[in-house]
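The sequence shown maps to residues 17 to 145 in the working numbering.
These notes concern the structure reproduced below.
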Amino acid sequence: MTQDTIEKVACTPAAQDLLRSLVSRHGPVMFHQSGGCCDGSAPMCYPLGDFIVGDVDVLLQQLQIDGIEEPIPFYMSQSQYEYWKHTHLTVDVVPGRGSGFSLEAPEGVRFLIRSRIFTEDELIGLGLL
Numbered sequence: 017m018t019q020d021t022i023e024k025v026a027c028t029p030a031a032q033d034l035l036r037s038l039v040s041r042h043g044p045v046m047f048h049q050s051g052g053c054c055d056g057s058a059p060m061c062y063p064l065g066d067f068i069v070g071d072v073d074v075l076l077q078q079l080q081i082d083g084i085e086e087p088i089p090f091y092m093s094q095s096q097y098e099y100w101k102h103t104h105l106t107v108d109v110v111p112g113r114g115s116g117f118s119l120e121a122p123e124g125v126r127f128l129i130r131s132r133i134f135t136e137d138e139l140i141g142l143g144l145l
């Protein structure tokens, strides 16, 4: 296992279906894992380029979704990454009200993160052990 082959972020089938729908309506999209405040900590989905990432943001993964031509970048702030770097993230979707800024909000669902700690082999491959 190497850093390039270890998946840091995945999507459930429900999240993939929603992403296909959102991309068909809005074009390419991106995620930024919000750090809290008004929306709690939630993956926010934006049209690609509408959220400006900066030097303090970390690109965790380019998500490859069947049926979507362009990979979906998933970012998180560096300070939040320091807390989550030992964790595999899975984007899921559940009924409920999401943020008004995230593309799924009008759908009556919201994206959320499910997480697990990386295995020892994954942590070694990521250079974290």
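Every residue, glycine too, gets a C-beta built ideally from N, C-alpha and C.
To the nearest whole angstrom, what separates the beta carbons of residue i and residue j, a pair I think is in contact under 8 Å?
i	j	result
G65	S93	In fact, because the Cβ distance is near 18 Å, the residues do not count as touching under 8 Å.
So, is residue i buried or exposed, given that buried needs 16 or more other C-beta atoms within 10 angstroms?
i	result
S37	exposed
E120	buried
G114	buried
Q32	buried
Q80	exposed
L105	buried
V146	The structure shown does not extend to residue 146, since the chain is modelled only from 17 to 145, so the question has no answer here.
In the DSSP assignment, what residue or residues form a beta bridge with residue i?
i	result
A26	T106
Q77	F90
S115	For S115, which the question treats as bridged, DSSP gives no partner whatsoever.
H42	The partner list for H42 (beta bridge, DSSP) is empty, contrary to what the question assumes.
Which one of the options has the shortest CA to CA distance from residue i?
i	options	result
S118	C61, D108, W100	C61
V74	Q49, A58, Q80	Q49
T103	T21, V25, D20	V25
G43	P122, L76, E136, P63	P63
E23	D71, Q78, D108, P29	Q78
A58	F47, S40, P111	F47
- [ ] Could you tell me whether the stretch 83-93 touches the stretch 128-135, where touching means 3 or more Cβ pairs closer than 8 Å?
- [x] no
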